[in-house]
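Quick note on the working numbering: the sequence shown kicks off at 2 and runs consecutively. Data first, discussion second: the structure below is written as C-alpha cells.
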Amino acid sequence: MALRSPLRRGARSRPFRRQPRGSMSYEIALNRHPQAQVHTFNAPFVFETPYMGKTETIPVLEVGYEEWGDRAHPTILVCHALSGNTHATDPGHPDDYRRSWWGAMVGPGKAIDTTRYHVMCINTLGGCGGTSGPASINPDSGTPYGLHFPIVTIEDMVRSQKMLLDALGIERLHAVIGGSMGGFQVLVWGVLFPEMVERLIVVASSAYSNQFMIMTNRAQIDAIQMDAHYNNGLYHTTGKSPTAGLAIARMIGFTTFISPKMMEKKFQKYHRSRREPYSDAQFHQQMFHEAESYLHKVSEQFTRDFDANSMLYLLQTWSHFDMAVRYGSLAHAMERVQAKVMLIAATGDNLFPPYLTRDIHRALRVHHKPVQFSLIDEEYGHDFFLIPNIIVRKLTPAIRSFLDG
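Here it is in C-alpha cells:
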C-alpha cells in the first residue's frame, strides 16, 4: 500500500488536492494522480543552468511521488518517461493495466515485485504530476510560473529525486529503472550518485539525444507555441487553452512511438464508417483512415491531462540531454558508474534505435564495468516497454534475474 513520508524539518508531505475551480481564469491541466503524495521543501531549490548569466531558483520545491511495499525491503526507484506520472501501478487493481502506466512491470509477483521490494515513482521536475513545474503557482505572484520557471536539466530532475529520498530516510537504492526519457534519469543517477545505486536498468533509451529526436521535438514545440491561444505561455490569464497546438504536438510524438510495421498491423487502410473518399462533399474536412481518427482520439485525451508549458519544458530538456558533451566523452561519463548495468533495446525502435544503446555499452566496457546488453527482437516500436504482453514475455524474466543477481 502507499505509505506516508515522515515529517522533516523544512519539509512537509501532503496528499494531492486539485486547485479549486474559479481560483484562476483558466484551470491548468494536471497529470497528477489522486493517490500521489506531494512533499514540500520550504527552502530555495537552485537550478544548475544559469539563464542570461543569472543563477535561477524557486523559493519552494514540491516533489510528487507514490510508493508501494514495505520500506524495510530494498528500494527500487522507477523513473517515468516524458508524459508519465507517479502512478506506475495500481494496488487496488494490479492486473488491470489500464489503471496505471506500468502495471505489467510493477506489482505483486511482477518483475518489480512489490511484495519483495519497496518501490517508488517520482514525478519529474518541470512536469505537472505533483512536482514543481511551469504549471505550479509562483508564491511571489500567486499565478502559474509559465515561462518564468527555470530551465530544467535531467540532472536537476535527479537532484530533486535525491532530495526526496534523503527526506524519507532512504540511503540506498537496490535499483533504478526507467525507459525512454526515464532512462536518461537512470544514467544520471549512476553518474551523480554512484555510491547510492546498486543496479541501473536502462530500457529503450540513450545517453544523448540524436538529430531525429531533436527535429521531432522541435516540431512539437513549434506546434504548441504557434497555437493562437498560447499567448507566450500566459494562457492561464486568458481562459483559453492552447489545446490545438498541444494536440498536434502529441500527434507528432505518437508517430514516433510505434514502428511503421506495427502501424500497418494496428490500423485499417480506410475507416469502416466512410464511403469512398472522393465521393464525399466534405473531403477536406473528413478523416477517412482509422489511423487519423486514432491520432485525434489520443491527442484529445492528452490535452485534458497535460499542461502545454510543461510539455514544452520537458521536450527542451530532452533535446539538450547529452552526457558526452557534458563530460567530454561518453566514456568519461560512464567512468563514474559503480553499479551493475542492464541495457535493453528493441530491433523495431525507430525513436531510440539500438545503436544508441550500444554506445552506452561500449562506453561502459572501456572501463570494464559490469554491464549486460539485451537486444530484443520486437517490431512494435519505441513503446514496446509499455505493452503488457511484451513486458511479460520478453522483459520480465531478464529483469527479474538481474534484480536477484
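Ideal Cβ placement from N, Cα and C applies to all residues, glycine included.
Assignment of Thr397 by DSSP, reduced to helix, strand and coil, places it in the helix class.
When secondary structure is reduced to three states using DSSP, Met197 falls in the coil class, being assigned neither helix nor strand.
For the set Thr318, Asp97, Gly184, Thr76, the Cα lying nearest the Cα of Arg117 is the one of Thr76. Around the C-beta of Leu404, 16 or more other C-beta atoms lie within 10 Å, and the residue is accordingly described as buried.
Here DSSP, grouped into helix, strand and coil, assigns Val338 to coil. In chain order, Cys80, His81, Ala82 place their CB closer than 6 Å to the CB of Gly183, counting only its own chain and leaving out the 5 sequence neighbours on each side. Take Met343, set aside five residues on each side of it, and the residues of its chain with a beta-carbon closer than 6 Å to its own are Ile202, Gln373, Phe403, in chain order. By the Cβ-count criterion, Glu156 is buried, with 16 or more other Cβ atoms from all chains shown falling within 10 Å of its own Cβ. Exclusion of the five residues before and after Val107 leaves Val79, Ala89, Thr90, Ile113, Thr115, Val120 as the residues of its chain whose Cβ lies within less than 7 Å of its Cβ.
Note that the stretch 33-40 does not touch the stretch 143-150; fewer than 3 beta-carbon pairs, one per stretch, sit closer than 8 Å.
Straight across, the Cα-Cα distance linking Arg363 with Ala245 is about 42 Å. Under the rule that a run must span 3 or more residues, the beta strand (DSSP E) segments found entirely inside the stretch 153-197 read 176-180. Of the residues assessed, Asn86 falls on the buried side of the cut-off, its CB having 16 or more other CB atoms within 10 angstroms. When DSSP reads this structure, Cys122 sits in a beta bridge with Glu67, Val79.
When DSSP states are grouped into helix, strand and coil, Gly147 belongs to the helix group. At the C-beta level, Met335 and Lys370 come within 8 Å of one another. Within its own chain, the residues whose Cβ lies closer than 8 Å to the Cβ of Gly110, once the five positions on either side in sequence are excluded, are Thr116, listed in chain order. DSSP, reduced to helix, strand and coil, places His40 within a strand of the structure shown. Here Gln221 is not near Gly180, since their CB atoms are 8 Å or more apart. Residues Tyr66, Glu67, Val79, His81, Thr87, Ala89 of the same chain have their beta carbon placed closer than 7 Å to that of Cys122, with the five preceding and five following residues left out of the count. Within 10 angstroms of the beta-carbon of Leu376 lie fewer than 16 other beta-carbons, which makes it exposed.
The beta-carbon separation of Leu296 and Met252, rounded to 5 Å, stays under the 8 Å limit for a contact. Three or more beta-carbon pairs separated by less than 8 Å are not found between the stretch 189-209 and the stretch 224-234, which leaves the two stretches without contact. When beta bridges are read from the DSSP output, Thr58 appears opposite Val47.
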